[in-house]
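Participant: What follows is a single structure, and I will ask about it in a moment.
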Amino acid sequence: MSDMAKKAPKIYAQEETTSQLKEAAVRYITTGKKTPFLENFSYHHFDKIVQKGPFSLAQWADLLYISERTLQRYAKANGIFSGLLVERILQLEKLILLGNDTFNSQFAAWLFIPSFHFNGDTPYQQLFTYVGIEKVMNLVGRIQHGIVA
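Quick note on the numbering used here: the sequence shown kicks off at 9 and runs consecutively.
Have a look at this one:
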């Protein structure tokens, strides 16, 4: 019966360890310099972009989610645009340059033609979101390279 008797369970001592993630320490050094272009993006800079593109001031106001009157105030005082507006303006500028390069003078007309790529919406209707602008830029790039489908 001694073989059949239950043995006392072994108790193992647990070492106290702590799990710590050890990473290399990285020191971030700032130069103190800020991007002057983004901080000093005035209406003058914006107007140069407007001249390249197919959009009216009313359309620009819609695309930037501000009123046309606000754009007029920026124009009158050569106002400085905020960071988010600057980002959107520069993103649209990239599209304008790509579109002008691809379609030449027909870019404005192409923007307002319904497309099956956008379920019957026009490319212009896609320009109200960051993702939409990227989709239109992608499509223009594909057209540039002959990949229509």
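Every residue gets a Cβ at the ideal spot worked out from N, C-alpha and C, and that includes glycine.
Quick one: residues in its chain with C-beta nearer than 7 Å to the C-beta of residue 151, no 5 flanking neighbours on either side, listed in chain order?
Facilitator: Excluding sequence neighbours, residue 151 sits near 110.
Participant: Where does the unbroken alpha helix (DSSP H) through residue 83 begin, and where does it stop?
Facilitator: Where residue 83 is concerned, the enclosing alpha helix (DSSP H) stretches over 76-85.
Participant: Decide yes or no for the touch test of the region 107-123 against the region 77-88: beta carbon pairs closer than 8 Å, at least 3 of them.
Facilitator: no
Participant: With three or more beta-carbon pairs closer than 8 Å as the criterion, would you say the region 47-62 touches the region 87-102?
Facilitator: yes
Participant: For the alpha helix (DSSP H) that residue 135 lies in, which residues bound it at each end?
Facilitator: Per DSSP, residue 135 belongs to no alpha helix (DSSP H) and is neither H nor E.
Participant: State the CB to CB distance for the pair residue 100 and residue 135, rounded to an integer number of angstroms; the pair is presumed to be in contact (CB under 8 Å).
Facilitator: 7 Å
Participant: Which of helix, strand or coil does DSSP assign to residue 113?
Facilitator: helix
Participant: To which residues of the same chain is residue 3 closer than 8 Å at the C-beta, ignoring the five residues directly before and after it?
Facilitator: The structure shown does not extend to residue 3, since the chain spans only 9 to 157, so no value can be given for it.
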